[in-house]
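Residue numbers (this note's numbering): 89 to 249.
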């Protein structure tokens, strides 16, 4: 995860000068801001402008703000990050997504076709009788799809990564 950090003063003077900063190099938002200050040391009171960011869930960064719990998100394992990111993309705030029930399983879209065959194994042999464009079917089949199973108390969601 990284953010391109410039300042409003430089932007207003026609410059996009800044630098990509890797967030995993810092343990807290305060350390991150200390790095931003060192980057823009020529300004007395720089107003930081986050001009671009990568691999950060929706709602965690804006042009002039970083969610204080972003470092808590960075401490999550890969599965937890996928779950929180997917919930964030569904409209949850970072706080809501991180506090959501952990019994939600998110399946990346690239594995959705495998999921179809897991649920309906008889389809694996259907190509002998019928030709189906499974990639196209997969992209249409899993648009905003979700399933809840009461007996397992688990919800499944298909999400793009």
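By construction, the Cβ of each residue, glycine as well, lies at the ideal position given by its N, Cα and C atoms.
Item	Value
Unbroken stretches of the alpha helix (DSSP H), 4 residues or longer, contained in the region 109 to 175	117 to 127 and 158 to 162
Best match in 117, 152, 120 and 169 for proximity to residue 135 [C-alpha to C-alpha]	152
8 angstroms contact criterion, which residue 89 and residue 137 should meet: CB distance rounded	Their Cβ separation, rounded to whole angstroms, is 18 angstroms, which puts residue 89 and residue 137 out of contact at 8 angstroms.
Distance between residue 159 and residue 131 (C-alpha atoms, nearest Å)	27 angstroms
Separation of residue 187 from residue 111, as counted between CA atoms	22 angstroms
Residue nearest to residue 166 in terms of C-alpha spacing, selected from 184, 143 and 183	143
Burial state of residue 156 (16 or more Cβ within 10 Å)	exposed
Other residues of its chain near residue 93: CB distance less than 7 angstroms, five sequence neighbours each side excluded	106, 107, 109, 124, 127, 136 and 138
Beta carbon of residue 145 nearer than 7 angstroms to that of residue 116	no
Pairwise C-alpha distance: residue 205 and residue 96	52 angstroms
Assumed close pair residue 178, residue 172 - CB separation to whole angstroms, cut-off 8 angstroms	Their Cβ separation, rounded to whole angstroms, is 11 angstroms, which puts residue 178 and residue 172 out of contact at 8 angstroms.
Cβ neighbours of residue 149 in the same chain (closer than 6 angstroms, five flanking residues each side left out)	138 and 141
Cβ neighbours of residue 104 in the same chain (closer than 8 angstroms, five flanking residues each side left out)	94, 98 and 139
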